[in-house]
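First the structure, in the form of structure tokens, and then the observations on it.
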Amino acid sequence: MTAPDFAAAITAGGRSSRYGSDKALAVLDGRTLLAHVAASLEPCAVKLLVAPPGRYALAGWHAVPDTRPGEGPLAGLEAALGAAPPGWVAFAGVDMPALTPAYWHALTAARTPGTLAVLALDGEGRPQPLAALYHTALRPHVTALLDAGERRLRLAVPDGHATVVAGLDARFFRNVNRPGDLEGEDPSTR
Ligand SMILES: Nc1nc2c(ncn2[C@@H]2O[C@H](COP(=O)(O)OP(=O)(O)OP(=O)(O)O)[C@@H](O)[C@H]2O)c(=O)[nH]1
């Protein structure tokens, strides 16, 4: 099978202050959240894990240090886009355990010439920047935002440069921020 024509990057440098302990290592259905997200991107040839050095060991994933440690997922995106080969990067938060290869396939299929990102609308109709495709050509824009003090990931893509995908199963967007978010449906049974 041919590997996807995009790199994978998981951003995992957060503090998990709402969760109360490292949520990447929280276990859901016998696997850590980190393992769930990694499984959705396993077919990728280039796999990057942006996190503090030594925090995680994930076989087959290349550790990438944050360029600006502790500055949030926009900084994680800067590090990922800087470490990836030129082209598309599937960028995921460690706290999105219901993502699957089918989710990434849907975003990949929606890529449009001339745009620099593909964002899916979540169950509430909002673009979901923590499970999106970004092009490495966005990196100078992301760096300029960070240099200007901006930290909002949703501003990573300039207006008019994103393709939006609607109609995906809302369950893909399960997001774990607090221990209670682990209760509910088993994403692996879908
Ligand atoms: N590389 C990197 N990833 C980050 C950083 N901050 C947050 N993230 C990741 O971004 C995703 C969303 O993080 P949040 O839930 O917003 O923040 P958090 O710090 O993990 O959690 P809270 O302290 O509860 O806000 C998770 O995958 C985090 O690991 C950072 O400084 N660097």
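Heads up: the sequence shown begins at 1 in full-length UniProt numbering, then just goes up one per residue. Every residue, glycine too, gets a C-beta built ideally from N, C-alpha and C. Because the structure is a prediction, the values reported are computed rather than measured.
Residue 96 holds the alpha-carbon nearest to the alpha-carbon of residue 28 among 124, 96 and 82.
For the 7 Å CB-CB criterion, residue 48 and residue 64 form a contact.
Ligand 1 never approaches residue 154 closely enough for any of its heavy atoms to be under 6 Å from the residue's Cβ.
If one requires a minimum length of 3 residues, the beta strand (DSSP E) runs lying completely within the UniProt domain "MobA-like NTP transferase" (8–153) are 47–50, 62–64, 88–93, 117–120 and 131–135, in chain order. The C-alpha of residue 79 lies about 10 Å from the C-alpha of residue 143. The beta carbon of residue 136 is closer than 7 Å to those of 81, 84, 86, 87 and 89 in its chain, skipping five residues each way along the sequence. Burial of residue 66 is indicated by the presence of at least 16 other C-beta atoms within 10 angstroms of its C-beta.
With contacts defined as CB atoms closer than 7 Å, residue 35 and residue 94 fail to qualify as a contacting pair. Going by DSSP, residue 162 is part of the beta strand (DSSP E) stretching over 162–165.
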